[in-house]
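Numbering (my numbering), first residue to last: 427 to 621.
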Amino acid sequence: MSNAVSEVLLLMGPPGAGKGTQAQRLAEGRGLTKLSTGDLLRDHVRRGTQLGTEAKVLMDQGVLVPDEIIMGMVKSELDKQDPVRVLLDGFPRTTGQADALEELLGEYGAQVDQAIELVVDEDELVRRLVSRAAQEGRSDDNEETIRTRMKVYRDQTAPLLEYYGAKGKLSSIDGVGTLDEVTERLQDALSAEAQ
Ligand code: AP5
Ligand code: MG
427 MSNAVSEVLL
437 LMGPPGAGKG
447 TQAQRLAEGR
457 GLTKLSTGDL
467 LRDHVRRGTQ
477 LGTEAKVLMD
487 QGVLVPDEII
497 MGMVKSELDK
507 QDPVRVLLDG
517 FPRTTGQADA
527 LEELLGEYGA
537 QVDQAIELVV
547 DEDELVRRLV
557 SRAAQEGRSD
567 DNEETIRTRM
577 KVYRDQTAPL
587 LEYYGAKGKL
597 SSIDGVGTLD
607 EVTERLQDAL
617 SAEAQ
């Protein structure tokens with residue numbers, strides 16, 4: 427292993443909260459690799475792999491892809507890193523994934539350093555996703571699937587906020603504002619934690 431230190435940050439929040447947008451900005455600024463399980467899955471769908479074909483059915487319904495598939499993808503990405511320096515976007519999404527992540531990071535001598543939640547009210551989330559549907563046509567950005575994604579977030583992913591909160595690793599920030607305002611809040615939350 428090299429001498430550089432590992433760093434693992436999580437960006438959490440409901441669909442449309444700005445995880446992908448902010449992960450991109452933050453990762454560049456801190457020399458981290460952005461690792462988005464949604465992007466990895468969409469790449470499989472584009473390439474027409476078997477995993478992509480199976481995942482597409484679930485993604486189009488707005489439900490989660492099984493933990494085993496997700497962990498396999500994440501492991502092969504982390505295997506490329508030494509030390510592990512990643513910003514995780516949209517992962518973990520279940521307590522099973524969070525436990526498996528902790529175990530996996532342990533093998534690399536790393537741990538989750540901090541989780542940040544982007545807080546955005548549901549009306550604004552729907553506005554953003556409907557507007558993205560018009561611009562980009564992501565196949566899960568339709569009203570019915572958006573509703574399912576929100577419910578899945580509340581039922582299966584929101585409990586992770588307590589999981590990381592109980593470990594003293596969670597900060598929640600206001601995700602409404604300009605992109606620069608939100609980036610600045612994220613940076614403040616990260617530097618506050620480092621002190
Ligand atoms: P995933 O790709 O992770 O999608 P998501 O969580 O539903 O979230 P989005 O990507 O839609 O939103 P975001 O928070 O990244 O916001 P963004 O920056 O894009 O997952 C998709 C599917 O894959 C899941 O449903 C599941 O099936 C599967 N999957 C993925 N990971 C999985 C896992 N770990 N386990 C199991 N299944 C998994 O911003 C949204 C829009 O708002 C954009 O148009 C953006 O330009 C705009 N915007 C951003 N910030 C602002 C702002 N401050 N003001 C105004 N507009 C803004
Ligand atoms: Mg995203």
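For glycine and all other residues, C-beta sits at the position ideal for the given N, C-alpha and C. This structure is a prediction, so every number in the text was calculated from the model and none was measured.
Q. Between methionine 497 and glutamine 476, which are expected to be in contact by the criterion C-beta below 8 Å, what is the C-beta distance as a whole number of angstroms?
A. Their Cβ separation, rounded to whole angstroms, is 17 Å, which puts methionine 497 and glutamine 476 out of contact at 8 Å.
Q: Please indicate yes or no: does the CB of lysine 482 lie closer than 6 Å to some heavy atom of the ligand MG?
A: The answer is no for lysine 482.
Q. Nearest to valine 538 by CA position, among Thr604, Pro518, Ile495 and Ala618, is which residue?
A. Considering only alpha carbons, the answer is Pro518.
Q. Where does aspartate 508 sit, in a helix, a strand or coil, going by DSSP?
A. Here aspartate 508 sits in coil by DSSP.
Q.
Quick check on DSSP: helix, strand or coil for glutamate 449?
A. Note that residue 449 is alanine in the sequence shown here, rather than glutamate. Judged by DSSP in its simplified three-state form, alanine 449 adopts helix.
Q | Alpha carbon of isoleucine 649 to alpha carbon of leucine 467, nearest angstrom | A | The question about residue 649 has no answer, for the chain in this structure spans 427 to 621.
Q | the region 439-452 / the region 568-588 touching (three or more Cβ pairs under 8 Å) | A | These segments touch.
Q: Spatial neighbours of serine 428 within its chain, please: CB distance less than 8 Å, with the 5 preceding and 5 following residues excluded, ordered by chain position.
A: Confidence is the limiting factor: at serine 428 the pLDDT is only 49, short of 50, which leaves the residue's position unreliable and the question unanswerable from this model.
Q: Could you name each continuous beta strand (DSSP E) segment of 3 residues or more that falls completely within the region 527-580, going from the start of the chain to the end?
A: Scanning the region 527-580 from its first residue to its last, the whole beta strand (DSSP E) runs of 3-plus residues come out as 540-545.
Q. Would you call the region 477-495 and the region 553-569 in contact, with 3 or more CB pairs under 8 Å?
A. With a cut-off of 8 Å, the region 553-569 and the region 477-495 count as touching, because enough Cβ pairs lie within range.
Q.
Are there any heavy atoms of the ligand MG lying less than 6 Å away from the beta-carbon of glycine 446, as far as the coordinates show?
A. Taking the Cβ of glycine 446 as the reference point, at least one heavy atom of the ligand MG falls within a distance shorter than 6 Å.
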